[in-house]
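Residue numbers (the working numbering), protein chains in the order written: chain A, 1 to 116; chain B, 1001 to 1114. Even glycine gets a Cβ: it sits at the ideal position worked out from N, Cα and C. Please read all numbers here as calculations on a predicted model, not as lab measurements. Reviewing the structure listed below.
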Amino acid sequence: AQSVTQPDIHITVSEGASLELRCNYSYGATPYLFWYVQSPGQGLQLLLKYFSGDTLVQGIKGFEAEFKRSQSSFNLRKPSVHWSDAAEYFCAVVPGVSGGYNKLIFGAGTRLAVHP
Amino acid sequence: DTEVTQTPKHLVMGMTNKKSLKCEQHMGHRAMYWYKQKAKKPPELMFVYSYEKLSINESVPSRFSPECPNSSLLNLHLHALQPEDSALYLCASSQDARRGDTQYFGPGTRLTVL
């Protein structure tokens, strides 16, 4: 079945530590890939996106993500986490099927907690 | 400016009430979206408007009625809602409705149905 999987529901890291949030998708064609962040009670903010080309994508707030076709993954990374990064992170895809429309399909989300 | 605004921030309504949610963007985007997000769940698409015409309805019950009066405004009219409709309603917009066009989200309206 077509899906977006974020295996980690909760992650806790110490401030200053590195971070990697996992995302896997199962679509036949390479979809359009996004990472959004949502602070409590807020809307979603786009961190970065991948359509094609260089598989390492830089985003805002010091985040980056790497697309790996062989693993159907699009993991989000940050070298040094700040307390303000505590939030819910959603991986999302728009399936790359012809005739499809611009429907974002979200993973279940990963809630990040940051310890001082 | 990548701002999408939504009003009100919070709304409490009874099951017999009629209310409306409003969304506005001034980025010149021609596609607008409504999403529903239940607590601790990801957002789910409800409607897509492209060039002020409804292009996608994701089998949403008729008690939710979208309206796009012009290219900058999107409304969601609510009538005879159920308590299970309580959620965060997010509006988004994109340059066009082409697959992959980046969607920019508003802060949402938190709806409680009593």
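| said: Is any non-hydrogen atom of the ligand COA found closer than 7 Å to the C-beta of Asp8 of chain A, if you look at the structure I gave you? | reply: Ligands displayed in this structure: none; no statement on the ligand COA is therefore possible.
| message | Distance cutoff 8 Å, beta carbons only. Does Leu1076 of chain B sit that close to anything in chain A? | response | no
| field | C-beta neighbour in chain A for Val1048 of chain B, strict 8 Å | value | yes
| Close-in-space but distant-in-sequence residues of the same chain around Tyr27 of chain A (CB under 6 Å, 5 per side omitted) | Gln2 and Pro95
| request: Could you tell me how far apart the beta carbons of Thr12 of chain A and His115 of chain A are, in whole angstroms, since I believe they sit closer than 8 Å? | output: 6 Å
| request: Put Ser18 of chain A into one of helix, strand or coil per three-state DSSP. | output: coil
| request: Please name the residue, chosen from A:Leu33, A:Asn24, A:Thr110 and A:Pro79, that lies closest to Arg1099 of chain B on a Cα-to-Cα basis. | output: A:Leu33
| query | Looking only at C-alpha atoms, which of A:Pro40, A:Tyr25 and A:Tyr36 sits nearest to Glu64 of chain A? | reply | A:Tyr36
| task | Could I get the ranges of all uninterrupted beta strand (DSSP E) runs contained in the stretch 25–69 of chain A, with 3 residues as the minimum, in chain order? | result | 32–38, 44–50, 56–58 and 64–68
| query | Where does Met970 of chain B land, buried or exposed, given buried means 16+ other C-beta within 10 angstroms? | reply | Residue numbering for chain B in the displayed model covers 1001 to 1114; residue 970 of chain B lies beyond these limits and cannot be assessed.
| Whole-angstrom distance between Leu56 of chain A and Thr1007 of chain B, CA atom to CA atom | 37 Å
| So which residues on chain B does Tyr32 of chain A lean against when the C-beta distance must stay under 8 Å? | Arg1099 and Gly1100
| Which chain B residues sit within Cβ distance under 7 Å of Phe90 of chain A? | Pro1042
| field | When A:Ser52, A:Gly62 and A:Asp54 are compared against Lys78 of chain A, the one with the closest alpha-carbon | value | A:Gly62
| said: Checking 8 Å against the spacing of the C-beta atoms, do Glu66 of chain A and Asn75 of chain A come in under that value? | reply: yes
| query | The beta strand (DSSP E) with Ile1056 of chain B in it runs from where to where? | reply | Lys1053 to Asn1057
| message | Quick check on the burial criterion: 16 or more other C-beta atoms within 10 angstroms. Buried or exposed for Lys1018 of chain B? | response | exposed
| message | To be precise: take each residue of the stretch 1019–1034 of chain B, compare its Cβ to all Cβ atoms of chain A, and keep it if any distance is under 9 Å. Which residues remain? | response | Ala1031 and Tyr1033
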